[in-house]
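What follows is a set of notes on a single structure, which appears directly below.
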Amino acid sequence: MQRFLSSAVNKIDAKNRVSVPAHFRQIIQSRGYAELYALRSLDTPALDVGGPDLLDQFEARIAQEDPLLQTADDLSFFYHGDGAFLRFDSEGRISVTDFMRDHTGITTDVAFVGRGNWFQIWEPAQLASHAATVRARLLARKRRADVSGNQDASA
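Residue numbers for the sequence shown follow the numbering used here, so the first one is 83 and each next one is one higher.
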């Protein structure tokens with residue numbers, strides 16, 4: 083199965099649309115997605131984006147909880163209330179809405195980042211900052227593992 087890999091930054095046009103990167107569109111088309119599900123990330127200023135199967139995974143997680151307890155309600159509120167469907171136009175563009183802008187800080191450009199079976203949408207400067215933080219965290223783990231001689235340190 084093809085994965086969403088790499089990253090790209092595209093400009094928002096005068097009609098508030100942005101082109102989804104071509105290599106992402108190929109995967110989307112091969113999976114038969116007519117629309118995308120986008121969820122405001124819980125811990126980053128990004129949108130987590132995938133097909134309807136991503137929402138299915140989240141709903142399966144809700145179903146594991148006791149429906150009378152707060153966790154099920156919280157998960158439903160998050161997955162459904164903080165999510166939205168994004169539709170493509172005939173040119174492979176999506177509209178940049180207030181839903182996207184309010185959470186991410188996107189203004190003129192959109193960064194797309196592959197995450198395997200799904201991808202994220204970021205404001206480019208926020209993505210650059212996050213990427214630097216992630217790389218620094220991983221490098222620190224690697225160095226700790228090298229010092230301790232533990233070749234199997236968790237990443």
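Idealized CB from N, CA, C, for every residue including glycine.
Alpha carbon of residue i to alpha carbon of residue j, nearest angstrom
i	j	result
residue 91	residue 114	24 Å
residue 215	residue 221	10 Å
residue 179	residue 126	18 Å
residue 151	residue 163	18 Å
residue 166	residue 181	8 Å
residue 228	residue 109	38 Å
residue 217	residue 117	32 Å
residue 159	residue 231	45 Å
residue 208	residue 183	13 Å
residue 138	residue 111	19 Å
residue 96	residue 198	31 Å
Distance CB(residue i)-CB(residue j) smaller than 8 Å
i	j	result
residue 190	residue 94	yes
residue 161	residue 144	yes
residue 136	residue 200	yes
residue 154	residue 148	yes
In DSSP terms, what residue i is bridged to
i	result
residue 89	195
residue 130	121 and 202
residue 100	176
residue 167	119
Distance between beta carbons of residue j and residue i, contact taken as under 8 Å
i	j	result
residue 174	residue 85	That pair is no contact at about 19 Å.
residue 102	residue 176	6 Å
residue 202	residue 131	7 Å
Selection from the options that minimises the alpha carbon distance to residue i
i	options	result
residue 171	98, 87 and 88	98
residue 121	104, 88, 110 and 140	140
residue 89	158, 204, 159 and 217	204
residue 169	158, 134, 159 and 138	134
residue 192	198, 206 and 184	206
residue 129	213, 194 and 219	194
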